[in-house]
Amino acid sequence: PAESLRLQGGPDRCAGRLEVLHNGTWGTVCDDNWDPAEGRVVCRQLGCGTLLSVAPGGRYGEGTGQIWLDEVNCTGEEETLSQCHS
1 PAESLRLQGG PDRCAGRLEV LHNGTWGTVC DDNWDPAEGR VVCRQLGCGT
51 LLSVAPGGRY GEGTGQIWLD EVNCTGEEET LSQCHS
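Note that the sequence shown covers residues 1 to 86 in full-length UniProt numbering.
In structure tokens form, the structure reads like this:
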């Protein structure tokens, strides 16, 4: 599970633009409705501890490639992003 997500473009592995591995190809996640609930799940899945912030508006650069996830809706209690509704 942790290997299917990564954060890119940030200062370390626990900050950056979220990318998802799907069918062997890295792609991006649409962040239009992204909020701290989704961020908490990503931090948990990556073993990054407590969420510090969710950076809006592509702070870490626009993603490239396919958008693999859109309209992700988490409660914040899920163990992995795949358990959230999308």
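All C-beta atoms, glycine included, are put in the ideal place defined by N, C-alpha and C.
Separation of G61 and R44 (C-alpha to C-alpha, rounded to the nearest whole angstrom) is 23 Å. In this structure, T25 lies away from I67, with their beta-carbon atoms at least 7 Å apart. Between V41 and C74, the C-beta spacing is below 7 Å. By the C-beta density criterion, L52 is exposed, having fewer than 16 other C-beta atoms within 10 angstroms. According to the DSSP assignment, R44 belongs to the alpha helix (DSSP H) that extends over P36 to L46.
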